[in-house]
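Using the working numbering, the letters of the sequence shown correspond one by one to residues 13 to 310.
These notes concern the structure reproduced below.
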Amino acid sequence: MGSVMNIALLGYGKIAADSHVPAIAATPGVTLAAVISRRGEGPPGVPVFPSLAALAESGLSVDAISLANRPAERFATAMEALARGWHVMLEKPPAATVAQAEALVAAAGPLTLFATWHARENAAVDAARELLRTRTITAVRIVWREDVNKWHPGQDWVWQPGGFGVFDPGINALSILTSLVPGDTRMQSAHLIRPPGKPMPIIATLDFSQAGIPVHAHFDWSPVATETWDIAFDTREGPLLLSNGGATLHVDGTLVETPHLPEYQRLYARFAALEKAGASDADLSPLIIVEAAFAAAP
C-alpha cells in the first residue's frame, strides 16, 4: 500500500451515503476507490461493482474493504474480503453472532480487521471516561428510545434473524457502556417484546452487571413523540449523564462543553493508523451483551 489507503465501500444504503462517503472524503490518508452495490448505486465519479469478485477481476488498486451492508450478510462478505487479501473495516455490529465475529478475528491474520463502534467516538464520551476514572460508579441506567419508522422506514430486514431489532440502535449504548466500564458482563434477566410474527424484538429490558456494577437498560423502538438516548451513571461523587447518543455530557447537573468530533472521520483515521501499524482492533463486548440477552430471555 502507498501513502494513501484505497478503500472500497461495500453497501450503499443510507448510512454509507450519509456517513461513510463524507468521512472518507474528509480523512487524510484514505480515498474512496470503489463501491460494491448490487443495485449499482454509488456517488458520482466512483466506480461501482456488483460484487467483491467483480472488483477483484477489474484489477482496480484497492487496499481495504469497508463493510456497510446488513449485519446478516457481513460475515460472508468480510471472510471473502480477507481471503482476497484486503484489510477490513466493519460497521457495527461486526457480525450477526459472537462466533462469527471471533471467526473473522481468527481469519484476519496479519491483515487489519477493525470492528467499529461509532458511538464511542463522541468527544463527550472521551470526557466522561476521564471523569469516571476519578469516581466510584454505583449504578448505571440506560434509556434508548427511538422511532423505527423514522430511522428504518419499510426495512423489514431489521426484524429478521441477524437484523437485531431494537438492538440495532441499542448496541450503540452498550458500546459506550463497555468503553467506559470495561470488564465482565453477567446477565441477570432479559425481557424481549417482539412484533407479531417477527423474530427480533421491538422492546428489550435488561438487568445485568458490568464489571460488578448493576446496569438497568431499556431499549424501545416503538413510535414515540420524544426520542431519548441516555446513559445515567450514579457515582458516590454525584451523577453523570451522557445524552443525545453520547454527544452531550452533564456532570452534577451541569453541562460540560465538549468539541464536536465527526464520528466516522475518527473511525477512518483510526483504520488508516491501524493498517500502518500492522494492527487490528476488534472489541466484541457490546455484541457479547446482546447475545447474552437473547440467551437469557424467556
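Positions of the beta carbon are idealized from the N, C-alpha and C atoms, including for glycine.
These numbers come from a predicted model, not from an experiment.
Three or more C-beta pairs closer than 8 Å, one from the region 193-206 and one from the region 113-130: is that the case here?
-> no
request  = Let me know if G257 comes out buried or exposed under the rule of 16 or more other beta-carbons within 10 Å of its beta-carbon.
outcome  = buried
- In angstroms, rounded to a whole number, what distance separates the CA positions of V60 and V74? 13 Å
>> So, for N81: in the same chain, excluding its five sequence neighbours on each side, which residues have a beta-carbon less than 7 Å away from its beta-carbon?
In response: L22, G23, T89
### Message
Strictly by DSSP, which residues pair up with P226?
### Response
S221
Give me, in chain order, the residues of the same chain whose beta-carbon lies closer than 7 Å to that of Q277; leave out the 5 immediate sequence neighbours on both sides. A35, A38, T39
Which residue from K162, A216, T240, A139 puts its Cα closest to that of A229? A216
Go ahead and pull the three-state DSSP assignment for Q167. coil
(request) Enumerate in chain order the residues of its own chain whose CB-to-CB distance from S221 is below 6 Å, with the five nearest sequence positions on each side excluded. (result) R198
| message | Using 8 Å for Cβ pairs, my map puts P83 next to F176. What's the rounded Cβ distance? | response | 6 Å
Check: Around the Cβ of A237, are there at least 16 other Cβ atoms within 10 angstroms (buried) or fewer (exposed)?
Finding: exposed
| request: Would you kindly check if the distance between the Cβ of G174 and the Cβ of W156 is under 7 Å? | output: no
Fill in: Distance, L94 Cα to I77 Cα
9 Å
For T240, does the three-state DSSP call read helix, strand or coil?
-> strand
For the alpha helix (DSSP H) containing S187, name the first residue and the last one.
179-192
Could you have a look at V160 and say whether DSSP puts it in helix, strand or coil?
-> helix
### Neighbourhood of V42 by C-beta, 6 Å cutoff - its chain only, sequence neighbours within 5 removed
M17, I19, I36, Y280, A284
| message | According to DSSP, is I301 part of a helix, a strand, or is it coil? | response | helix
- The alpha helix (DSSP H) with Q112 in it runs from where to where? 110-120
Item checked: Sufficient close CB pairs (3 or more, under 8 Å) joining the region 259-274 to the region 197-212 -> no
### Beta-bridge partners of L204, as assigned by DSSP
A216
Three-pair Cβ contact test at 8 Å for the region 243-254 versus the region 140-157
yes
Start-to-end residues for the beta strand (DSSP E) that takes in V137 = No beta strand (DSSP E) contains V137, which is instead part of the alpha helix (DSSP H) from 135-144.
Could you pull out every unbroken beta strand (DSSP E) segment of at least 3 residues lying fully inside the region 22-99, listed in chain order? 42-48, 76-79
Open item on the list: Can you check which of these residues, P105, F126, P165, F87, is closest to H99 by C-alpha distance?
Closed with: F126
### Message
Check this for me: beta carbons of V268 and A185, under 7 Å apart or not?
### Response
no
Practice prompt. Mind checking which residues open and close the alpha helix (DSSP H) that includes L279?
Written response: 275-289
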